[in-house]
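Presented below is the structure to which this report refers.
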Amino acid sequence: MLKIYNTLTRQKEPFIPMEEGIVKLYVCGMTTYSDAHIGHARTYVAFDIIRRYLEYKGYKVFYVQNITDIDDKIIKAANEAGMDALEYSAYYARRCLEDMNKLGIKPADLYPKASEHINDMIEMIEKLVEKKFAYVANGDVYFSVEKFRDYGRLSNQKMDEIKAGARIKPEEKKRKPEDFALWKAAKPGEPKWKSPWGYGRPGWHIECSVMSSKYLGMPFDVHGGGADLIFPHHENEIAQAEAAYGRRFVNYWLHSGMLKVEGEKMSKSLGNVILLREALKKWRSDTLRFFFASYHYRSPADFSEEALKNAENSLKRLRVAKEKLEEFAEEGKLNEKELDEVEREYLREIKTAKRKFEEAMDDDFNTPKALESLFDFVKETNKFLMEKEKPNRKLCNHALKEFMRMAHVLTLFQEEKAINEKAIRKIGEKYGIKGEAKEIIEELIEIRKKARKEKNYKVADAIRDELKKAGIELEDMGEETKWRII
RNA sequence: GGGCGGGUCACCUAGAGGCAGGGUGGUGGACUGCAGAUCCACAUACGCGGGUUCAAAUCCCGCCCCGCCCUCCA
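Per numbering that gives the first Met the number 0, the first sequence runs over residues 0 to 485.
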């Protein structure tokens with residue numbers, strides 16, 4: 000039974016979707032006025048894993064993630080760059096999705112853009128005005144927070160506390176400080192759309208209420224986002240949608256913890272914002288994903304050189320075991336009757352690991368705990384392969400399949416590692432070998448084998464070192480030498 | 001000031017009344033020409049001070065420290 004921590008109730012609740020077997024998931028996407036940073040990466044990996052686990056459990060997941068392409072910051076940045084705001088945000092939206100793709104995130108089913116849903120937003124705002132939850136002031140439209148009784152429930156704040164922190168900016172025409180804009184009258188140099196209140200543009204919060212309910216219905220199952228969005232963004236989303244339609248908006252609210260860098264918060268003023276594309280130059284995407292998976296999604300995570308190095312080493316342990324299984328694995332139906340006692344024991348361990356994995360993930364997507372079961376699995380695999388010179392190939396195949404199913408939920412081992420062709424060819428040249436990188440490696444291993452036989456360890460070690468620098472690790476197993484990409 | 005989440009070995013991270021789990025790193029052993037990988041073993045941890053309890057990392061109170069939010073941040 001899957002249990003999920005619901006921000007709305009501040010406790011873990013059994014997960015029951017509206018429609019059996021189907022999960023409707025909405026996650027707040029990016030405001031695209033610059034490249035994605037590793038904080039975005041953290042959030043979207045977290046929800047990618049959540050989505051994958053739901054799919055693992057057999058749910059059909061419909062995943063919607065919006066793109067905010069109308070926003071003060073976009074307009075400001077575009078104006079500074081002398082560009083059209085929508086073109087500017089489209090450019091960054093493309094880059095952000097590209098980066099997420101490189102990170103290895105499974106794309107959402109739909110990426111609706113705010114600018115393409117203006118009419119839907121106007122409709123919802125009209126409804127709110129009609130129902131007196133919103134008021135028009137000089138071309139602006141504001142939501143009247145005091146009209147919505149439940150306001151503050153998600154962020155667990157009392158109204159007077161919210162009021163105490165609220166301000167009215169000079170250009171705003173709202174009646175109460177806690178009110179928020181649904182529609183803003185156009186100013187010179189801003190993108191604008193025609194509305195019943197004159198030309199203008201939507202406020203930020205309305206797009207999510209509109210697009211999520213449009214594509215997922217109301218109520219829908221899961222709404223997620225970074226913890227920084229709980230207030231006011233998600234609080235406002237609830238107010239808008241529930242006031243407009245008079246019924247519940249979302250059943251489960253999920254929030255991912257914030258990412259720090261070297262123990263400090265990541266901020267432009269500290270100058271420690273790390274862009275995802277920069278991080279990807281330094282770390283492999285699967286290292287980054289392992290790193291994110293090694294934290295529970297609700298906890299704050301700390302991006303540090305040491306922690307990433309740690310992740311890299313840890314992941315290698317999993318990978319080596321996986322590759323060992325791959326060597327023996329052979330398609331075919333596993334016949335349990337053919338197994339001997341050692342093999343049966345291994346089969347039992349596989350089942351145990353899988354059970355523990357599911358228990359961990361069922362407990363509010365506890366990925367660090369789920370990783371434990373993968374490491375258990377690896378230990379048992381290593382022991383098993385150590386004991387069996389010729390392990391049952393079907394059993395290895397079965398083990399590999401089970402392992403990969405779990406690993407894939409945690410976003411691991413999705414892509415084949417590429418050989419650094421250029422570097423290998425260069426080494427090949429040195430030894431007078433031509434051809435495909437793989438052939439070069441095989442030949443180098445032959446040369447080295449001969450050298451080792453002659454106890455010419457200088458040559459043998461040189462080849463090993465050079466290959467290692469080119470990303471190929473050799474492992475001597477008696478007579479045999481195996482290689483792997485690192 | 002208010003709301004929320006934290007402080008667990010050298011490092012990263014689970015656990016939330018009953019011998020503190022996993023990974024990285026370290027040390028020793030097996031294997032090895034060496035290295036790597038692997039296995040076995042070992043060491044090291046619950047921020048501080050009170051309280052409740054047969055029993056507290058876990059519950060309560062106080063304090064210190066860190067992070068997030070408090071009107072447009074994932």
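Virtual Cβ for every residue (Gly too), placed ideally from N, Cα, C.
Alpha carbon of residue i to alpha carbon of residue j, nearest angstrom
i: residue 372; j: residue 82; result: 51 Å
i: residue 205; j: residue 177; result: 16 Å
i: residue 87; j: residue 77; result: 6 Å
i: residue 284; j: residue 102; result: 5 Å
i: residue 406; j: residue 132; result: 48 Å
i: residue 380; j: residue 410; result: 21 Å
i: residue 384; j: residue 401; result: 16 Å
i: residue 486; j: residue 358; result: One cannot answer for residue 486 here, as it falls past the ends of the chain, which runs 0 to 485.
i: residue 443; j: residue 305; result: 34 Å
i: residue 404; j: residue 342; result: 21 Å
i: residue 68; j: residue 282; result: 29 Å
i: residue 27; j: residue 228; result: 9 Å
i: residue 488; j: residue 151; result: Because the chain is modelled from 0 through 485, residue 488 falls outside the range shown and cannot be assessed.
i: residue 44; j: residue 455; result: 48 Å
i: residue 66; j: residue 96; result: 10 Å
i: residue 369; j: residue 13; result: 19 Å
i: residue 313; j: residue 453; result: 36 Å
i: residue 129; j: residue 236; result: 18 Å
i: residue 361; j: residue 1; result: 4 Å
Own chain residues within Cβ distance below 6 Å of residue i, not counting five before or after
i: residue 250; result: 218 and 220
i: residue 328; result: 395, 396 and 399
i: residue 463; result: 473
i: residue 481; result: 474
i: residue 54; result: 60
i: residue 49; result: 364
Supposed close pair residue i, residue j - CB separation, criterion 8 Å
i: residue 201; j: residue 117; result: 7 Å
i: residue 367; j: residue 295; result: 6 Å
i: residue 105; j: residue 47; result: 6 Å
i: residue 185; j: residue 198; result: 4 Å
i: residue 394; j: residue 338; result: 7 Å
i: residue 190; j: residue 320; result: 54 Å between Cβ atoms; not a contact.
i: residue 222; j: residue 252; result: 6 Å
i: residue 430; j: residue 446; result: 6 Å
i: residue 474; j: residue 426; result: Contact doesn't hold; Cβ gap of about 18 Å is too wide.
i: residue 298; j: residue 234; result: That belief does not hold up - the Cβ atoms of residue 298 and residue 234 are roughly 22 Å apart, past 8 Å.
i: residue 61; j: residue 119; result: Actually they are not in contact, since the Cβ atoms of residue 61 and residue 119 sit about 18 Å apart, beyond 8 Å.
i: residue 486; j: residue 275; result: An answer regarding residue 486 cannot be provided, because it is not within the stretch 0 to 485 covered by the chain.
i: residue 377; j: residue 316; result: 6 Å
Close Cβ partners of residue i (< 8 Å) along its chain, the five nearest in sequence each way excluded
i: residue 264; result: 257
i: residue 58; result: 16, 20, 21 and 22
i: residue 136; result: 172, 173 and 174
i: residue 386; result: 341
Cβ neighbours of residue i in the same chain (closer than 7 Å, five flanking residues each side left out)
i: residue 310; result: 286, 289, 290 and 293
i: residue 419; result: 469 and 470
i: residue 240; result: 208, 212, 217 and 248
i: residue 138; result: 184, 196, 197 and 199
Bounding residues of the alpha helix (DSSP H) (the contiguous stretch that carries residue i)
i: residue 88; result: 84 to 102
i: residue 128; result: 117 to 129
i: residue 459; result: 456 to 468
i: residue 494; result: Only positions 0 to 485 of the chain appear in this structure, which leaves residue 494 out of reach.
i: residue 111; result: Taken as a continuous stretch (DSSP letters only), residue 111 belongs to no alpha helix (DSSP H), as it is neither H nor E.
i: residue 171; result: From DSSP, residue 171 is part of no alpha helix (DSSP H); its letter is neither H nor E.
Terminal residues of the beta strand (DSSP E) in which residue i lies
i: residue 185; result: Neither: residue 185 is in no beta strand (DSSP E) and is coded neither H nor E.
i: residue 432; result: Looking at the DSSP string, residue 432 is not in any beta strand (DSSP E), and its letter there is neither H nor E.
i: residue 484; result: 479 to 484
i: residue 0; result: Premise fails: residue 0 is in no beta strand (DSSP E) and is neither H nor E.
i: residue 157; result: From DSSP, residue 157 is part of no beta strand (DSSP E); its letter is neither H nor E.
i: residue 475; result: 471 to 476
i: residue 140; result: 139 to 142
i: residue 133; result: 133 to 136
Distance cut-off 7 Å: residue i Cβ against heavy atoms of the ligand HEM
i: residue 260; result: The ligand HEM is not part of this structure, which contains no ligands at all.
4-residue-minimum alpha helix (DSSP H) runs that sit fully inside the stretch 296 to 351, ordered along the chain: For the stretch 296 to 351, whole alpha helix (DSSP H) runs of length 4 or above, ordered along the chain, are 304 to 327.
Which ranges does the alpha helix (DSSP H) cover as unbroken runs of at least 4 residues, wholly within the stretch 187 to 263, from first to last along the chain? You should have 203 to 215 and 234 to 244.
Could you name each continuous alpha helix (DSSP H) segment of 4 residues or more that falls completely within the stretch 2 to 88, going from the start of the chain to the end? For the stretch 2 to 88, whole alpha helix (DSSP H) runs of length 4 or above, ordered along the chain, are 37 to 55 and 71 to 80.
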